[in-house]
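Residue numbers (the working numbering): 125 to 232.
Below is the structure:
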């Protein structure tokens, strides 16, 4: 099993969720996060004053998938979240050594 974490634009959550469903990913967790990468934020104006916005709103989608679904899952995220602009996000893949179902205590 692998944990796939995808940091994407908030406007792309529905497209990514639909793409993951098409490749067979049934469970996921979505979290609102803030951060920056290469774009380093932007300048905004509020009540006539400029200020720097350095932490931009992003969404973190996490899902655990079997090894044979890793490549299709990563491809689905990349294709559905891409706009071609700086700030599209990142995908991280890490191994999951153990998983336990809380309700029954069974190990998966």
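Glycine residues also receive a C-beta, built at the ideal position from the N, C-alpha and C atoms.
Along the length of the region 155-215, whole alpha helix (DSSP H) runs at least 4 residues long occupy 194-205, reported in chain order. Nearest Cα to residue 221 within the set 215, 198, 189, 202: 189.
Contact between the region 133-151 and the region 200-208 is established, with three or more Cβ pairs separated by less than 8 Å. Counting the other Cβ atoms within 10 Å of the Cβ of residue 213 gives 16 or more, which makes it buried. Taking C-beta atoms as the reference points, residue 211 and residue 161 count as a pair closer than 8 Å.
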